[in-house]
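S.K.: Below you'll find the structure I mean.
Protein chains: 2
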Amino acid sequence: MSQTVTKPRAKRRTASKQQRQAQLIKATIRSIAKHGLSETTMATVSSEASLSQGIINLHFQSKERLLEETLIHVVSEYRSVWCKAMDSAGDSAYEKLEALAAVDFDKRICQRNKLAVWFAFWGESRSRLTYRKICTESSREYRDVLTGLCEEVIRQGGYKVRAGHVATGLLAMNGGLWLDMLLSPAEMSAQQAQEISLSYLWGVFPAHASS
Amino acid sequence: MSQTVTKPRAKRRTASKQQRQAQLIKATIRSIAKHGLSETTMATVSSEASLSQGIINLHFQSKERLLEETLIHVVSEYRSVWCKAMDSAGDSAYEKLEALAAVDFDKRICQRNKLAVWFAFWGESRSRLTYRKICTESSREYRDVLTGLCEEVIRQGGYKVRAGHVATGLLAMNGGLWLDMLLSPAEMSAQQAQEISLSYLWGVFPAHASS
DNA sequence: ATAGTGAATGAATGATTGTTCATTCATTGA
DNA sequence: TCAATGAATGAACAATCATTCATTCACTAT
């Protein structure tokens, strides 16, 4: 009888396409965080993944596609986390709003390496239509959801603010707080940033503020 | 008698060091906006300036120094504008606060090309100590001024908010609004952005809000 | 065992890059 | 008018880059 196949060897030279692609995308994130996007090369990525030079073209055809897939990965992960948060939050619109605002400071999302990736691609978005499309479509959907929630909270509380302004302002503030965490993590922790973001929400919707 | 020298010829082949450096920095800004930082080369910059290949090394020694000087230029210009706004604004702390918040949407500062430069360097800041230093020192000084003004407004109005939170939140929100203007200028004008920023201030300091 | 399959390698290639420097040319003082 | 000065040029160079592909090697089916 042959050995069970369920437990793979410690050192596998070959892996499934999915595994390798995920591995390379993670290596790309580390490389962008360590070297910056403009000095991220096929060599830095493959070295970060402890694989050979040609591996990227084998799995992604080109460097450009690898970078796009990396951006898509980060954006999709973000979307998936806020969707889950939306579902598992309390029923009231305000509770959902607070839960969504907290996603930006979630352990899974708010990692310094990943923030570096966001800003790296934002920095190139002006000149790269593909990057810009991915980013704008992502934020558009998120903003629409936020705006809807704000509208409901405003209706319930009779507030005199515009839903679009609050949603856009919240989104913008959280993005700006990401920058603070990226540039000076010693002076801005995720928890501090979340407090600032939450205190904005409380200020706008005082009647709903819980704590 | 010789001709007057005050009126230079239309086509001057040589120019003063200052003029050339300023010209090259402007060309760099355009190149970053058009091609992105990672595809901004000595060739794209010198071509954008309608000058020859070697001109940059002549005036800036290296590409790296040109990029640093470009960042310093944009950061200094920003500082100079908010300093002027601070001086020429009304005497009250709240008036100064509104004036400072408006600087981010000023014609001189809030140009799409320049926003692209800010985000391009922010995107590389994680891996480039020099960029990070320039950016953090700039924002630190600005934040301190904003925090001081917020403290005074809070004291006057007896508000129950933390000055540091408001200053940091305002700074972050304006930065995030810059991103909206950079990525989708059709959906976010400078005026709209300023309204959102101002409505944040009004919400925090309702007793001071003028209009 | 063994042949067959395709994942992974890494040296080689051509294109692109930043930098150098001998040369050209506009400008100025005598 | 004519040297003298130094700003500007652009061809040449070495280094670095993304990409290719013949070869190697791990794994699977027979």
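Those sequence lines, one after another, are chains A and B. Throughout the first sequence, residue numbering follows this note's numbering, covering 1 to 211 in sequence. Throughout the second sequence, residue numbering follows this note's numbering, covering 1001 to 1211 in sequence. All C-beta atoms in this analysis are idealised placements derived from N, C-alpha and C, irrespective of residue type, glycine included. All figures in this text were calculated on a predicted structure; none of them were measured in a lab.
#1: Taking the straight line between their C-alpha atoms, what separation do you get for S1127 of chain B and T28 of chain A?
#2: What does the Cβ neighbour count give for D87 of chain A, buried or exposed, with the cut at 16 atoms within 10 Å?
#3: Using three-state DSSP, classify H208 of chain A as helix, strand or coil.
#4: List, in order along the chain, the chain B residues whose C-beta lies closer than 7 angstroms to that of V204 of chain A?
#5: Report the residues of the segment 1113–1135 of chain B with a CB closer than 7 angstroms to any CB of chain A, ordered along the chain.
#6: So the alpha helix (DSSP H) D1180 of chain B belongs to, where does it begin and stop?
#7: Reducing DSSP to helix, strand and coil, say where S1138 of chain B ends up.
#8: With DSSP run on the structure shown, which of helix, strand or coil describes S199 of chain A?
#9: In angstroms with no decimal places, state the Cα-to-Cα distance between Q1194 of chain B and A1102 of chain B.
#10: Would you kindly check if the distance between the Cβ of F1105 of chain B and the Cβ of Q1191 of chain B is under 9 angstroms?
#11: Using a Cβ-Cβ cutoff of 9 angstroms, what residues of the segment 1160–1189 of chain B are near chain A? List them in chain order.
#12: Checking contacts by CB at 9 angstroms: is E68 of chain A closer than that to chain B?
#13: Give, in chain order, every residue of the segment 1019–1041 of chain B whose Cβ lies closer than 9 angstroms to some Cβ of chain A.
#14: Quick check: is the beta carbon of A109 of chain A nearer than 9 angstroms to any beta carbon in chain B?
#15: Looking at L1182 of chain B and R1121 of chain B, is the spacing between their C-beta atoms short of 9 angstroms?
#16: With a cut-off of 9 angstroms, does the C-beta of E195 of chain A fall near any C-beta of chain B?
#17: Could you spell out the range, first to last residue, of the alpha helix (DSSP H) harbouring Q1021 of chain B?
#18: Just the C-alpha distance for A1209 of chain B and G164 of chain A, rounded to the nearest angstrom, thanks.
#19: Let me confirm a value: R1219 of chain B is counted as buried when at least 16 other C-beta atoms fall within 10 Å, else exposed. Which label applies?
#20: Hey, is S76 of chain A's beta-carbon within less than 9 angstroms of any beta-carbon in chain B?
#21: For the alpha helix (DSSP H) containing A43 of chain A, list its first residue and its last residue.
#22: In terms of residue numbering, what span does the alpha helix (DSSP H) encompassing F121 of chain A cover?
#23: Quick check on A15 of chain A: buried or exposed, where buried means 16 or more other Cβ atoms within 10 Å of its Cβ?
#24: At which residues does the alpha helix (DSSP H) containing E1069 of chain B begin and terminate?
#25: Would you mind sorting L1129 of chain B into buried or exposed? The rule is 16 or more other CB atoms within 10 Å of its CB.
#26: Is the Cβ of Y218 of chain A closer than 9 angstroms to any Cβ of chain B?
#27: With three or more beta-carbon pairs closer than 8 angstroms as the criterion, would you say the segment 135–142 of chain A touches the segment 1148–1158 of chain B?
#28: What are the boundary residues of the alpha helix (DSSP H) that F1105 of chain B is part of?
#29: Excluding the 5 residues flanking S52 of chain A on each side, which residues of the same chain have their C-beta closer than 8 angstroms to its C-beta?
#30: Around the C-beta of K160 of chain A, are 16 or more other C-beta atoms found within 10 angstroms, so that it is buried, or is it exposed?
#31: What's the call for A207 of chain A, buried or exposed, on a 16-neighbour Cβ count within 10 Å?
#32: Looking at C-alpha atoms only, which residue of A:R79, A:S38, A:A49 and A:D180 is the closest neighbour of E137 of chain A?
#33: Within a Cβ cutoff of 6 angstroms, which residues of the same chain sit near E1151 of chain B, ignoring the five residues on either side of it in sequence?
#34: For chain B, check one thing: does any of its Cβ atoms lie closer than 9 angstroms to the Cβ of S210 of chain A?
M.R.: Taking the coordinates as given:
#1: Rounded to whole angstroms, S1127 of chain B to T28 of chain A spans 14 angstroms at the Cα level.
#2: Flag for D87 of chain A reads exposed.
#3: Residue state, collapsed to three classes: coil.
#4: For the C-beta of V204 of chain A, the chain B residues within less than 7 angstroms are, from N- to C-terminus, G1203.
#5: The segment 1113–1135 of chain B vs chain A, Cβ under 7 angstroms: A1116, F1119, A1120, W1122, G1123, E1124, S1125, R1126, S1127, R1128, R1132 and C1135.
#6: A1163 to L1183 is the extent of the alpha helix (DSSP H) around D1180 of chain B.
#7: Taken through DSSP and simplified to helix, strand or coil, S1138 of chain B comes out as helix.
#8: In this structure, S199 of chain A counts as helix in the three-state DSSP scheme.
#9: Rounded to whole angstroms, Q1194 of chain B to A1102 of chain B spans 7 angstroms at the Cα level.
#10: Yes, the Cβ-Cβ distance between Q1191 of chain B and F1105 of chain B is below 9 angstroms.
#11: The segment 1160–1189 of chain B vs chain A, Cβ under 9 angstroms: V1161, R1162, G1164, H1165, V1166, T1168, G1169, L1170, L1171, A1172, M1173, N1174, G1175, G1176, L1177, W1178, L1179, D1180, L1182, L1183, S1184, E1187 and M1188.
#12: Residue-level contact by beta carbon fails for E68 of chain A and chain B, as no gap is shorter than 9 angstroms.
#13: Cβ proximity to chain A below 9 angstroms picks out I1032, A1033, K1034, H1035, G1036, L1037, S1038, E1039 and T1040 from the segment 1019–1041 of chain B.
#14: One detail in the question is off: residue 109 of chain A reads as Ile in this sequence, not Ala. At a cut-off of 9 angstroms between beta-carbon atoms, I109 of chain A makes no contact with chain B.
#15: It should be noted that the sequence gives Phe, not Arg, for residue 1121 of chain B. No, the Cβ-Cβ distance between F1121 of chain B and L1182 of chain B is not below 9 angstroms.
#16: True, the Cβ-Cβ gap to chain B drops below 9 angstroms.
#17: Its alpha helix (DSSP H) spans residues K1017 to H1035.
#18: For A1209 of chain B and G164 of chain A, the distance between alpha carbons rounds to 20 angstroms.
#19: Residue 1219 of chain B falls outside the range modelled here, since chain B spans only 1001 to 1211, and no answer is possible.
#20: Interface annotation, S76 of chain A: not in contact with chain B, CB-CB separation never under 9 angstroms.
#21: Where A43 of chain A is concerned, the enclosing alpha helix (DSSP H) stretches over M42 to E48.
#22: Counted as a single uninterrupted DSSP element, the alpha helix (DSSP H) harbouring F121 of chain A occupies residues R112 to S125.
#23: By the neighbour-count rule (16 or more Cβ atoms within 10 Å), A15 of chain A is not buried but exposed.
#24: Taken as a continuous stretch (DSSP letters only), the alpha helix (DSSP H) holding E1069 of chain B covers K1063 to S1088.
#25: When all chains shown are included, L1129 of chain B counts as exposed.
#26: An answer regarding residue 218 of chain A cannot be provided, because it is not within the stretch 1 to 211 covered by chain A.
#27: Contact between the segment 135–142 of chain A and the segment 1148–1158 of chain B is not established, with fewer than three Cβ pairs separated by less than 8 angstroms.
#28: Looking at the DSSP string, F1105 of chain B is not in any alpha helix (DSSP H), and its letter there is neither H nor E.
#29: Within the same chain, S52 of chain A has close Cβ partners S46.
#30: Label assigned to K160 of chain A: exposed.
#31: Flag for A207 of chain A reads exposed.
#32: The residue with the shortest Cα to Cα distance from E137 of chain A is A:R79.
#33: Short of 6 angstroms from the beta carbon of E1151 of chain B, and not among the five residues preceding or following it, lie these beta carbons of its own chain, in chain order: A1163.
#34: For S210 of chain A, the answer is no, since every Cβ of chain B falls outside 9 angstroms of its Cβ.
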